[in-house]
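Reviewing the structure listed below.
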Amino acid sequence: MEGISANTALENSYNLMQSFIQAIETNNTQELKSLITSKDSIGTLMLMHKTLLTFKYNLKTVLNGAALPYSNGCLEGFNRKIKQIERTAFDYSNFINLLTRIRLEEDLYKEKEPNSLLMTA
Numbered sequence: 001m002e003g004i005s006a007n008t009a010l011e012n013s014y015n016l017m018q019s020f021i022q023a024i025e026t027n028n029t030q031e032l033k034s035l036i037t038s039k040d041s042i043g044t045l046m047l048m049h050k051t052l053l054t055f056k057y058n059l060k061t062v063l064n065g066a067a068l069p070y071s072n073g074c075l076e077g078f079n080r081k082i083k084q085i086e087r088t089a090f091d092y093s094n095f096i097n098l099l100t101r102i103r104l105e106e107d108l109y110k111e112k113e114p115n116s117l118l119m120t121a
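Its first residue numbered 1, the sequence shown is counted upward by one per residue in the UniProt record's numbering.
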């Protein structure tokens with residue numbers, strides 16, 4: 001015996017994970033629901049057991065997340081950008097300066113351009 005088949009708990013967990021991935025990629029909510037509520041033995045892997053219990057507790061939300069095409073990726077990216085600004089410039093003199101920097105990064109404010117009347121061609 002070698003590889004994944006050496007441990008039945010590991011093999012069951014691996015197969016369950018692969019089934020989850022396939023059900024999510026194909027948006028198959030019925031398959032996902034049956035995987036979450038299945039009574040199959042996953043061995044002594046407590047983390048997998050806790051994850052399945054959490055999925056059972058939030059079953060409606062998990063199924064909606066798998067079925068609908070919406071994502072919060074844009075919001076998470078924006079939050080990450082704000083946290084990065086806060087880390088690199090933690091010593092802004094006041095909160096208004098921090099908000100201004102965030103708005104500049106998101107192009108909500110435009111930096112002042114030189115007056116075109118003063119420029120010579």
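Cβ atoms here follow ideal geometry from the backbone N, Cα and C, with glycine treated the same way.
Tell me the rounded alpha-carbon separation between residue i and residue j.
{"i": "Glu31", "j": "Val62", "result": "12 Å"}
{"i": "Ser93", "j": "Lys83", "result": "17 Å"}
{"i": "Ile96", "j": "Ile21", "result": "45 Å"}
Would you kindly report the start and end of the unbroken alpha helix (DSSP H) that includes residue i?
{"i": "Glu2", "result": "Segment: none, Glu2 is in no alpha helix (DSSP H) and carries neither H nor E."}
{"i": "Thr51", "result": "46-57"}
{"i": "Thr26", "result": "Careful: Thr26 lies outside any alpha helix (DSSP H) and carries neither H nor E."}
{"i": "Phe90", "result": "Here Phe90 belongs to no alpha helix (DSSP H), and DSSP marks it neither H nor E."}
So, at 6 Å on beta carbons, what are the nonlocal neighbours of residue i in its own chain, with the 5 sequence-adjacent residues on each side left out?
{"i": "Ile24", "result": "Ala66"}
Who are the Cβ neighbours of residue i in its own chain at under 8 Å, not counting the five residues just before and after it?
{"i": "Ile36", "result": "Leu52, Phe55, Lys56, Leu59, Val62"}
{"i": "Ile85", "result": "Leu98, Arg101, Ile102, Glu105"}
Using a Cβ-Cβ distance under 7 Å, would residue i count as near chain D?
{"i": "Lys81", "result": "Structure shown: chain D not included; a single protein chain is present."}
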